[in-house]
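A.B. asks: Attaching a single structure in structure tokens format; questions to follow.
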Amino acid sequence: MTAWRAYIVGSALLEHRLNRELQVAHGLSIADYEILVSLSEAPDMQMRMSELANGVAHSKSRMSHQIRRMESEGLVRRQECPQDGRGVLAVLTAEGLAKLREAAPSHVQGVRDHMIDLLDPDEQKTLAAVFSRLTDHLRGFE
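Start counting the sequence shown at 1; every next residue gets the next number (UniProt numbering).
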């Protein structure tokens with residue numbers, strides 16, 4: 001129970017802090033940032049909406065709402081999937097890539113300040129192993 005409560009409170013506080021830092025400095029939510037990162041790493045900086053939702057652990061409806069909002073801000077655009085007329089792609093715009101490049105250094109610093117640098121190398125490896133195992137297990141239910 002101690003481990004569970006520490007995880008629940010610690011992860012909520014960490015996400016809140018990182019989200020606030022991104023909001024104040026760059027006008028992005030942590031969810032926006034994760035979408036921009038995912039698109040920047042994808043071939044041609046685009047992904048099917050369903051794959052993007054799965055990759056950042058959002059529901060399809062939440063992803064659709066999020067992309068619509070980000071599209072109105074010029075960070076992404078939606079386009080029909082050329083291979084499948086029913087599919088929709090989310091595409092990173094030049095403005096979105098510029099916003100990501102602007103926000104990345106301060107976000108990485110926040111992650112280091114509030115988590116990574118607080119852990120010794122063995123704890124970092126353990127944390128990576130634990131959450132990789134949890135992610136693999138939980139993705140098995142999708």
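The beta carbon of each residue, even a glycine, is placed where N, CA and C say it ideally should be.
Just so you know, these numbers come straight off a predicted model, no measurement behind them.
Let me know the secondary structure DSSP gives residue 56 once reduced to three states.
C.D. replies: It is coil, neither helix nor strand.
A.B. asks: In the DSSP assignment, find the unbroken alpha helix (DSSP H) run with residue 10 in it and report its ends.
C.D. replies: Here the alpha helix (DSSP H) through residue 10 covers 2-26.
A.B. asks: Which residues mark the beginning and the end of the alpha helix (DSSP H) in which residue 46 is found?
C.D. replies: Looking at the DSSP string, residue 46 is not in any alpha helix (DSSP H); the run it does join, the beta strand (DSSP E), is 46-48.
A.B. asks: Mind checking who residue 123 pairs with in its DSSP beta bridge?
C.D. replies: According to DSSP, which records beta bridges pairwise, residue 123 is partnered with nothing at all.
A.B. asks: So, using beta-carbon positions, are residue 89 and residue 80 closer together than 9 Å?
C.D. replies: Yes.
A.B. asks: Given residue 29, which residues of its chain have a CB within under 8 Å of its CB, disregarding the five upstream and five downstream residues?
C.D. replies: 19, 22, 23.
A.B. asks: Tell me the rounded alpha-carbon separation between residue 76 and residue 51.
C.D. replies: Cα-Cα distance, rounded: 15 Å.
A.B. asks: List the DSSP bridge partners of residue 90.
C.D. replies: 47, 78.
A.B. asks: For residue 85, which of helix, strand or coil comes out of DSSP?
C.D. replies: If DSSP states are grouped into helix, strand and coil, residue 85 belongs with the strands.
A.B. asks: Under 6 Å Cβ to Cβ from residue 27, same chain only, skipping five residues before and after it: list those, please.
C.D. replies: Once the five neighbours on either side are set aside, residue 27 has no close Cβ partner at all.
A.B. asks: How far does the alpha helix (DSSP H) with residue 34 in it reach, from first residue to last?
C.D. replies: Unbroken alpha helix (DSSP H) run through residue 34: 30-41.
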